[in-house]
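Participant: Protein chains in written order, with the numbering used here: chain A, 1 to 686; chain B, 1001 to 1166.
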């Protein structure tokens, strides 16, 4: 019954989306506001409809309806309620519905805004949103239906169908297979929604970009309207990535946070183009340049979002055969191809309208440095994209599968990331339009000397690794520049207006939150860089088997193996839990409980580390193996991860900065400065 | 590798998953290579059946057996290179962390630098063309100050200007 309601609502949502697309296009052609209004209502209607579908699935999940194939594949009776709810995004069919649900919510929210100044965009924003939505709904209906049920045919065969063949009776398995143990973690409750929110909200700026191209209103209005959407999308995507890293660190048991796995890279790629876009739109806003490039960036971001959604869940990267066999593979491939080519064709069609209003005047100007930043981001993108698809290409041509592992990505992107950090240091000091090497050099002087102090401290502390010294210097340099920028602004206000320092800081940031929010983000990135340098360059590890009461040493740390217990839990796990005492420089600093959970349902082992975490370092103990009968000996793997907590702290500051930059405020008249100028230019040339 | 070999390998892998629970931590005689020596090599190899999991951290029993194999080979006096070659012969190039640089695999190393250099070249050319057309200032703004007149200590006015423009 409920499956039929959910499926019915899904089909109606799909039909309403198709209607909305047709109504919007027809409304534009006939110049009929009532048809456009009807399309807008269709857009708004998709949200309650798809909500019915999503809630039906959630209800089926929490009420143990194992006759539904999806429910049976991601839940089991022993799972707690919150995991049953989050199982909505625990498998592919549910994830796609979840995607559509969020997409519909965001697109509906956009259609509710005040359109009085942007009426011509509205129908096209609706068309783009609804085409995207209809594509995902279509996937759910035709390929990945979450409502398919088990049936037993008269011959005793168990089949899965939405509509049963004659004579078949429902088949209800006594229990489900349960959620993949890797996904049973608090990080998994919040990480996928964040990522998906980031993904779907990037559709909005893309929709406006396409609307601008179609209508020919190619000034920077579309960028101004979507500025906040882009920041929000970027915030969610960034949060999704950081939380994913945290989850990997806590759950995957390899002492790291990022393994350059294709699935991780799939989420990282739209972030790269999105970040490049955030920077380069500023050039368009301030200088009226790079209009083509910004279009290309947002189109790339959109298609990488679709590509990312596809990679994350489909598992096609395991082999070209998996791709050919999966029904949704070709569908995704076709959709990405069609949207990409159509969008680029629109850009070409408007090529002359998108000509720059001004020229680059100096290679040291901020816009020039932003262009370099874009080049580096694109370089990282190429490395990532190529690394992800190369195994497929290799398999296609040679039949031989290859692995493109972290070594490849680290070597290829390391220098590019270093270059980005350096630019992050100098770009805020460069003026728009015009800077010379001399003025820029003079501005850099003080922060540069401040950063040298840090480098000296690093060298005195005994660090000799050149990569680490360079990395710490870059971090110190960016931090000095950024703090110096705050300091100069505050000092000016303090002197000129007599404000106290805290008030001056508050008002300064309030004057241009995007600028100062951006600087806070830069500080967050610096902290993250410190954590990454610490872990990547100074991580040490050891592994060994010790008897109960035995000791293992790693650097300044010693652990003793105190005891081990082995027991079954009510939720279907066998847990082996060791107690180890940790000593640092001879002093007891605490006990850790590394464990190994074995899930009977899925026959899958999970290694949960015991971690002692400080700002200085993480001491990370894994229980690799143990003697089941005597519990006499156990194998431990220990990682020493210096500075890794700076990564998480950086993530927090980063989020804070994005919130500062994205917080809503009323649009001020002064924002129009460049627009008037461009109008003037158009009047003059036209 | 032949299809049947693969099949056996995969079946063995899943069987070993089922048997993964009762692990057997062993203590080795002092002359056997220790875990760190084994991991140093396992780290450079990838699990032949799981996707993108380095052999040193793969939690499955199959991988534990492969690690024991490394230990055995080490104790027989095999070098790191010999062991890696052995794994490649047995399970194909995919056990290596990066594609071996030969044949089509060169592309994986060549394309990214070529693309980045091409991008840099395009950017360089663009800068050059912009520089040539620099005198074209007629349509430049009514708002921005003429850049050449910028005094060295114009920070306040510049900041004000930038804050105003948002």
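Backbone N, C-alpha and C fix where the C-beta goes; we use that ideal spot for every residue, glycine too.
This structure is a prediction, so every number in the text was calculated from the model and none was measured.
#1: Excluding sequence positions up to five away, which residues of its chain have a Cβ less than 7 Å from the Cβ of residue 507 of chain A?
#2: Report, in whole angstroms, the separation of the C-beta atoms of residue 701 of chain A and residue 276 of chain A, which I expect to be a contact under 8 Å.
#3: Tell me the rounded alpha-carbon separation between residue 654 of chain A and residue 527 of chain A.
#4: Could you compute how far the alpha carbon of residue 435 of chain A sits from the alpha carbon of residue 212 of chain A?
#5: Please check if any C-beta of chain A sits within less than 8 Å of the C-beta of residue 1112 of chain B.
#6: For residue 12 of chain A and residue 34 of chain A, what's the separation of their Cα atoms in angstroms?
#7: Does the CB of residue 277 of chain A have a neighbour CB from chain B at under 8 Å?
#8: Output the residue ranges of the alpha helix (DSSP H) runs that lie fully inside the segment 513 to 575 of chain A and measure 4 residues or longer, sorted by chain position.
#9: When you compare the CB of residue 1086 of chain B with every CB in chain A, is at least one pair closer than 8 Å?
#10: With a threshold of 8 Å between beta carbons, is residue 1057 of chain B in contact with chain A?
#11: Can you find a CB in chain A that lies within less than 8 Å of the CB of residue 1115 of chain B?
#12: If we cut at 8 Å on Cβ distances, does residue 136 of chain A have a partner in chain B?
#13: Determine, using beta-carbon pairs with one atom in the segment 96 to 110 of chain A and one in the segment 45 to 56 of chain A, whether at least three such pairs fall under 8 Å.
#14: Which residue or residues does DSSP assign as beta-bridge partners of residue 254 of chain A?
#15: Is it buried or exposed, residue 235 of chain A, if we count other Cβ atoms within 10 angstroms and call 16 or more buried?
#16: Assuming residue 244 of chain A and residue 191 of chain A are in contact, meaning their beta carbons sit under 8 Å apart, how far apart are those beta carbons, in whole angstroms?
#17: What would DSSP say about residue 590 of chain A, mapped onto helix, strand or coil?
#18: Which residue from A/75, A/126, A/72 puts its Cα closest to that of residue 27 of chain A?
#19: Quickly, what does DSSP pair residue 1096 of chain B with across the bridge? List them, please.
#20: Any chance the segment 167 to 176 of chain A sits against the segment 191 to 209 of chain A, with 3 or more Cβ pairs inside 8 Å?
#21: Under a three-way DSSP split, which group does residue 1106 of chain B fall into?
#22: Determine, using beta carbons only, whether residue 601 of chain A and residue 177 of chain A come nearer to each other than 8 Å.
#23: Got a sec: is the Cβ-Cβ distance from residue 1127 of chain B to anything in chain A below 8 Å?
#24: Please state whether DSSP places residue 20 of chain A in a helix, a strand or coil.
#25: If you count every other CB in all the chains shown that lies within 10 Å of the CB of residue 46 of chain A, and 16 or more means buried, which is it?
#26: Would you mind telling me which residues of chain A sit closer than 9 Å to residue 1094 of chain B, beta carbon to beta carbon, in chain order?
#27: Look up residue 637 of chain A in the DSSP assignment and give the residues it is bridged to.
#28: Would you kindly report the start and end of the unbroken alpha helix (DSSP H) that includes residue 707 of chain A?
#29: Among A/483, A/475, A/423, A/206, which has the Cα closest to the Cα of residue 347 of chain A?
#30: If contact means a Cβ-Cβ distance below 9 Å, which residues of the segment 440 to 466 of chain A contact chain B?
#31: Name the one or two DSSP bridge partners that residue 604 of chain A has.
#32: Is the Cβ of residue 245 of chain A closer than 8 Å to any Cβ of chain B?
#33: Can you pull the chain A residues whose beta carbon is under 8 Å from the beta carbon of residue 1130 of chain B, in chain order?
#34: Could you give the C-beta distance for residue 535 of chain A and residue 644 of chain A, rounded to a whole number, given that I count them as a contact under 8 Å?
#35: Taking CB distances under 8 Å as the criterion, tell me whether residue 1232 of chain B reaches chain A.
#36: Strictly under 8 Å for the Cβ-Cβ distance: is residue 375 of chain A near chain B by that measure?
Facilitator: With the given structure in hand:
#1: For the purposes of this step, residue 507 of chain A is taken as the residue at position 507 of the first chain. Contacts found: 493, 499.
#2: Nothing about residue 701 of chain A can be read from this structure; chain A reaches only from 1 to 686.
#3: In the first chain, counting from the first residue as 1, residue 654 of chain A sits at position 654. In the first chain, counting from the first residue as 1, residue 527 of chain A sits at position 527. Roughly 9 Å between the two C-alpha positions.
#4: Walking along the first chain from the start, residue 435 of chain A turns up at place 435. Walking along the first chain from the start, residue 212 of chain A turns up at place 212. Straight-line Cα distance between these residues: approximately 32 Å.
#5: Within the second chain, the letter at position 112 stands for residue 1112 of chain B. Closer than 8 Å: yes.
#6: As a first step, residue 12 of chain A must be located in the first chain, where it is residue number 12. As a first step, residue 34 of chain A must be located in the first chain, where it is residue number 34. Looking at the two C-alpha atoms, the distance is approximately 22 Å.
#7: In the first chain, counting from the first residue as 1, residue 277 of chain A sits at position 277. For residue 277 of chain A, the nearest beta carbon of chain B is not closer than 8 Å to its own beta carbon.
#8: 513 to 538
#9: Looking up residue 1086 of chain B in the second chain gives position 86. Taking Cβ atoms only, chain A never reaches closer than 8 Å to residue 1086 of chain B, which makes this a no.
#10: For this step, residue 1057 of chain B is matched to residue 57 along the second chain. Judged by the 8 Å Cβ criterion, residue 1057 of chain B is in contact with chain A.
#11: Taking the first residue of the second chain as position 1, residue 1115 of chain B is located at position 115. So, interface residue.
#12: Along the first chain, read from residue 1 onward, the residue named residue 136 of chain A stands at position 136. Cβ-Cβ to chain B under 8 Å: no for residue 136 of chain A.
#13: yes
#14: Position 254 of the first chain holds residue 254 of chain A. As DSSP reads the structure, residue 254 of chain A sits in no beta bridge.
#15: Taking the first chain and counting its residues from 1, the one referred to as residue 235 of chain A is at position 235. That one is buried.
#16: Here residue 244 of chain A refers to the residue found at position 244 of the first chain. Here residue 191 of chain A refers to the residue found at position 191 of the first chain. About 5 Å; that satisfies the 8 Å criterion.
#17: What you label residue 590 of chain A is simply residue 590 of the first chain in a count that begins at 1. Here residue 590 of chain A carries a strand assignment [DSSP, helix/strand/coil].
#18: Looking up residue 27 of chain A in the first chain gives position 27. For the residues A/75, A/126, A/72, the minimum Cα distance to residue 27 of chain A belongs to A/126.
#19: Stepping through the second chain from its first residue, residue 1096 of chain B is reached at position 96. In DSSP, residue 1096 of chain B forms a bridge with B/1045.
#20: no
#21: Along the second chain, one-based indexing puts residue 1106 of chain B at 106. Helix.
#22: The sequence position of residue 601 of chain A within the first chain is 601, counting from 1. The sequence position of residue 177 of chain A within the first chain is 177, counting from 1. Yes.
#23: In the second chain, residue 1127 of chain B corresponds to position 127, counting from 1. Closer than 8 Å to some Cβ of chain A, the Cβ of residue 1127 of chain B qualifies, so yes.
#24: Walking along the first chain from the start, residue 20 of chain A turns up at place 20. Look at residue 20 of chain A here: in three-state DSSP terms it is helix.
#25: For the purposes of this step, residue 46 of chain A is identified with residue 46 of the first chain, where counting begins at 1. That one is buried.
#26: Residue numbering aside, residue 1094 of chain B sits at position 94 when the second chain is read from its first letter. Neighbours of residue 1094 of chain B on chain A, chain order: 391, 400, 401, 402, 403.
#27: Your numbering for residue 637 of chain A matches position 637 in the first chain. DSSP lists A/543, A/622 as partners of residue 637 of chain A.
#28: What the structure shows of chain A is the stretch from 1 to 686, and residue 707 of chain A is not part of that stretch, so it cannot be assessed.
#29: Locating residue 347 of chain A in the first chain gives position 347, where the first residue counts as 1. The candidate whose alpha carbon is nearest that of residue 347 of chain A is A/206.
#30: 442, 443
#31: Indexing the first chain from 1 puts residue 604 of chain A at position 604. Under the DSSP definition of a beta bridge, residue 604 of chain A partners with A/599.
#32: By 1-based counting over the first chain, the position of residue 245 of chain A is 245. With 8 Å as the cut-off, residue 245 of chain A does not count as an interface residue toward chain B.
#33: Numbered from 1 along the second chain, position 130 holds the residue referred to as residue 1130 of chain B. Within chain A, the residues whose beta carbon sits less than 8 Å from that of residue 1130 of chain B are 359, 360, 361, listed in sequence order.
#34: Translated into the one-based positions of the first chain, residue 535 of chain A becomes position 535. Translated into the one-based positions of the first chain, residue 644 of chain A becomes position 644. Going by Cβ atoms, the distance from residue 535 of chain A to residue 644 of chain A rounds to 5 Å, so yes, they are a contact pair.
#35: Look at the range of chain B in this structure, 1001 to 1166, and you will see that residue 1232 of chain B is not part of it.
#36: As a first step, residue 375 of chain A must be located in the first chain, where it is residue number 375. It does; some Cβ of chain B falls within 8 Å.
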